[in-house]
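Numbering (my numbering), first residue to last: -14 to 264.
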Ligand SMILES: Nc1ncnc2c1ncn2[C@@H]1O[C@H](COP(=O)(O)OP(=O)(O)OP(=O)(O)O)[C@@H](O)[C@H]1O
Ligand SMILES: [Mg+2]
């Protein structure tokens, strides 16, 4: 459970009336050019909208373009072709410097490998985005403390990354991702380096951020158990979105699975999604 109330990032409305897409991709392609005549078509026409307050899980085989899409959505990279609107602003052709500025204000990232700055305490790590944003030191400290309280790590603020467990380090990374009150939190395999129990606990943190604060979250995962936290699941294949399961369809899958469970089969309903991928 989330322990603190946060004055900075206010709770976003998830009411039906005000649902403008936070993310809109129109026929986005990405081609990597490796030398003279080798091209990799990592994305082959992605069109998707993500609205405020959504919690999206992305699955799909290795190499299917998940990270490539996350990099574009997170303003780390440009599409080769197509259009990308972030919070209503066309960022597909923004110059690199502008892209960096937009990224700093609008996007919170969580990576598989935590990416904390070593020999820098938890709270200083969380303050980093605020330094880039030019926030004064007192305000910075206050907001970083609040963010660490949200992820239930108030008692470890002074610890260095190597004095924290993997799960705790990832909580610091989440605090750092949310301290700027971004429009969206992107997490590329955030639980990939954690054991199952810690991974499930960490997903609880994301779930609380989504449910209680209306944060828009997209996570990439290979684990059906982790994808189950999503309210929507995108299945990637070969640079395209093969399936887009909304909450209702996921509910049907869940029920069907429950039925088959009664019939004796075990496992997660999300395995059906996974199986689809393997075909
Ligand atoms: N910087 C790059 N330069 C060249 N090719 C790249 C680059 N990044 C990714 N690719 C290629 O683009 C394709 C999509 O890669 P991407 O990293 O998006 O896959 P992914 O779905 O995230 O896979 P994984 O589940 O293994 O993380 C792959 O064929 C990959 O080799
Ligand atoms: Mg990847």
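For glycine and all other residues, C-beta sits at the position ideal for the given N, C-alpha and C.
Tell me the DSSP bridge mates of residue i?
i	result
residue 219	43, 229
residue 173	96, 205
residue 26	16
residue 68	11
residue 31	13
residue 36	6
Between which two residues does the beta strand (DSSP E) harbouring residue i extend?
i	result
residue 19	6 to 19
Between residue i and residue j, what straight-line distance do the alpha-carbon atoms span, to the nearest angstrom?
i	j	result
residue 116	residue 22	42 Å
residue 174	residue 235	21 Å
residue 10	residue 168	16 Å
residue 183	residue 211	11 Å
residue 277	residue 238	Here the chain comprises residues numbered -14 to 264, so residue 277 is not present and cannot be evaluated.
residue -4	residue 164	Bear in mind that the predicted position of residue -4 carries a pLDDT of just 47, short of 50, making it too unreliable to give a figure here.
residue 90	residue 84	10 Å
residue 57	residue 189	26 Å
residue 5	residue 52	24 Å
residue 226	residue 143	43 Å
residue 229	residue 187	24 Å
residue 35	residue 121	33 Å
residue 7	residue 77	14 Å
residue 221	residue 194	25 Å
residue 156	residue 39	21 Å
residue 141	residue 30	44 Å
residue 93	residue 16	25 Å
residue 135	residue 197	11 Å
residue 132	residue 114	12 Å
residue 48	residue 215	21 Å
Helix, strand or coil: how does DSSP classify residue i here?
i	result
residue 75	strand
residue 143	coil
residue 62	coil
residue 54	helix
residue 101	coil
residue 166	coil
residue 214	coil
residue 200	coil
residue 235	helix
residue 48	coil
Along the alpha helix (DSSP H) that carries residue i, what are the first and last residues, could you check?
i	result
residue 178	Looking at the DSSP string, residue 178 is not in any alpha helix (DSSP H), and its letter there is neither H nor E.
residue 84	81 to 91
Let me have the residue list for ligand 3: C-beta closer than 7 Å to any non-hydrogen atom, ordered along the chain. This structure does not include ligand 3; its bound ligands are ligand 1 and ligand 2.
At what residue ranges does the stretch 99 to 136 contain a whole run of the alpha helix (DSSP H), taking only runs of 4 or more? The alpha helix (DSSP H) runs lying completely inside the stretch 99 to 136 and spanning 4 residues or more are 107 to 117, 122 to 135, given in chain order.
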